[in-house]
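Each remark here refers to the structure printed beneath this line.
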Amino acid sequence: MTGWWERWFAGPGRCCLCGGPHRVTPWAGVWDRICMSCRGRLHRIHLPVCPRCGRGGTRGTTCEDCIHHPPGVLERNVAVLRYNAYAKELIRLFKYRGRECLALPLAEMMAERVFECGIRANALVSVPLHEDKLRRRGFNQSELLAREMGRLLRLPLIPVLVKVSPTLPQSRKSRRERLKALRGAFRVKPERIPGADQGTWLLTDDVYTTGTTLLECARALKAAGADRVCSVTLAR
Ligand SMILES: [Zn+2]
Ligand SMILES: [Zn+2]
Numbered sequence: 003m004t005g006w007w008e009r010w011f012a013g014p015g016r017c018c019l020c021g022g023p024h025r026v027t028p029w030a031g032v033w034d035r036i037c038m039s040c041r042g043r044l045h046r047i048h049l050p051v052c053p054r055c056g057r058g059g060t061r062g063t064t065c066e067d068c069i070h071h072p073p074g075v076l077e078r079n080v081a082v083l084r085y086n087a088y089a090k091e092l093i094r095l096f097k098y099r100g101r102e103c104l105a106l107p108l109a110e111m112m113a114e115r116v117f118e119c120g121i122r123a124n125a126l127v128s129v130p131l132h133e134d135k136l137r138r139r140g141f142n143q144s145e146l147l148a149r150e151m152g153r154l155l156r157l158p159l160i161p162v163l164v165k166v167s168p169t170l171p172q173s174r175k176s177r178r179e180r181l182k183a184l185r186g187a188f189r190v191k192p193e194r195i196p197g198a199d200q201g202t203w204l205l206t207d208d209v210y211t212t213g214t215t216l217l218e219c220a221r222a223l224k225a226a227g228a229d230r231v232c233s234v235t236l237a238r
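Written out as structure tokens, the structure is:
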């Protein structure tokens, strides 16, 4: 049974992910704006998580992936969803089918996670696309997420990272091969960022798989003088 205020204000409404009918008050938080069907298909990562990559189900201890490689320049990643079939589908719709209206709810989930995990960043920086890829796709999904997050967290989005070499398809490569292929792929412009040595830079991307892209971006930021680099991704 819904309260009179909900009947009064909600109207039929729509799920913010699938667009299906979903009754909700306009000011409801992101999870309440998602319909039951979508909620059932998403696997939300519950805290505590792996302190390095943000993977769930580890009861706060370092996960089996992270334990096998030394801590890198990326201090910490946090993520919202497990990278299951529905999370993949959402990212595909957003990234390749241009469903840009997904940027706000996805960014809202990410901003909420950053806040819950106590990450206090000074600026956001998105993972860049190589200019050829950007031209083909028309937009950078990480930047779109970062822009919405910046609005929600009241943080500036500073576009200092550039991807200087294109990445070849690397889904079958090992972590070590990926790292080698990405070495030097990102640059910071200008080479020294004024004020970078204070506080935390928060990188944004859609998914953390092996973490190599974020690690390389963090390396470039650190080389340009960044004090601390953390990251947030939608999925892990
Ligand atoms: Zn839905
Ligand atoms: Zn981990």
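Take any residue in the sequence shown, note its place counting from 1, add 2, and you have its number in our numbering.
Every residue gets a Cβ at the ideal spot worked out from N, C-alpha and C, and that includes glycine.
task: Report the residue from Val-129, Asn-86 and Ala-226 whose alpha carbon sits nearest the alpha carbon of Thr-214.
output: Val-129
task: Would you check if the distance between the CB atom of Arg-180 and the CB atom of Thr-212 is smaller than 8 Å?
output: yes
- request: Using a threshold of 8 Å, state whether the C-beta atoms of Asp-229 and Asp-199 are closer than that.
  value: yes
- request: Could you check the C-alpha separation between Ala-220 and Glu-77 for me, to the nearest Å?
  value: 9 Å
message: Taking its Cβ as the centre, do 16 or more other Cβ atoms sit within 10 Å of Val-234, making it buried, or is it exposed?
response: buried
query: So Arg-84 and Gly-56 are in contact, right, with Cβ under 8 Å, and what is the actual spacing, rounded?
result: Actually they do not touch by this definition, with Cβ atoms about 11 Å apart.
- prompt: Mapping DSSP to helix, strand and coil, what is Ala-237?
  reply: In the structure shown, Ala-237 sits in a strand (DSSP, three-state: E or B).
query: Mind checking whether the beta-carbon of Asp-67 lies closer than 7 Å to any heavy atom of ligand 2?
result: yes
- request: Indicate whether Leu-159 and Arg-149 have their beta-carbon atoms separated by less than 8 Å.
  value: yes
field: For Val-50, three-class secondary structure by DSSP
entry: Residue identity differs from the one stated: residue 50 is Pro in this sequence, not Val. Coil.
query: When a residue counts only if its C-beta is closer than 6 Å to some heavy atom of ligand 1, which residues count, in chain order?
result: Checking every Cβ against the heavy atoms of ligand 1 under 6 Å gives Cys-17, Leu-19, Cys-20, Gly-22, Ile-36, Cys-37, Ser-39 and Cys-40.
query: CB-CB under 8 Å to Val-190, same chain, minus the five flanking residues each way: which ones, in chain order?
result: Its chain contains Val-162, Leu-163, Val-164, Ala-222, Leu-223, Ala-225 and Ala-226 as the residues whose beta carbon lies nearer than 8 Å to that of Val-190, once the 5 sequence neighbours on both sides are disregarded; these appear in chain order.
- prompt: Got a sec: does ligand 4 put a non-hydrogen atom nearer than 7 Å to the Cβ of Arg-57?
  reply: As far as ligands go, the structure on display features ligand 1 and ligand 2 and does not contain ligand 4.
- prompt: Looking at C-alpha atoms only, which residue of Trp-29, Val-51, Ala-183 and Leu-157 is the closest neighbour of Asn-260?
  reply: The structure shown does not extend to residue 260, since the chain is modelled only from 3 through 238, so no value can be given for it.
- prompt: Which one of Pro-50, Cys-119 and Gly-62 has the shortest CA to CA distance from Leu-204?
  reply: Cys-119
message: If you reduce the DSSP assignment to three classes, tell me which class Thr-27 lands in.
response: coil
query: What's the C-alpha gap between His-70 and Arg-178?
result: 12 Å
- request: Check whether the Cβ atoms of Met-111 and Val-26 lie closer than 8 Å to each other.
  value: no
query: With DSSP run on the structure shown, which of helix, strand or coil describes Lys-191?
result: coil
- prompt: Excluding sequence positions up to five away, which residues of its chain have a Cβ less than 7 Å from the Cβ of Leu-44?
  reply: Leu-83, Tyr-88 and Ala-89
field: Leu-184, buried or exposed, once every other Cβ within 10 Å from all chains shown has been counted against 16
entry: buried
query: Over what stretch of residues does the alpha helix (DSSP H) that includes Leu-223 continue unbroken?
result: 214-225
- prompt: Ala-109 to Ser-144, Cα distance in whole Å?
  reply: A direct Cα-Cα distance of roughly 10 Å separates Ala-109 from Ser-144.
task: Pull up the DSSP beta-bridge partners for Ala-81, would you.
output: Thr-235
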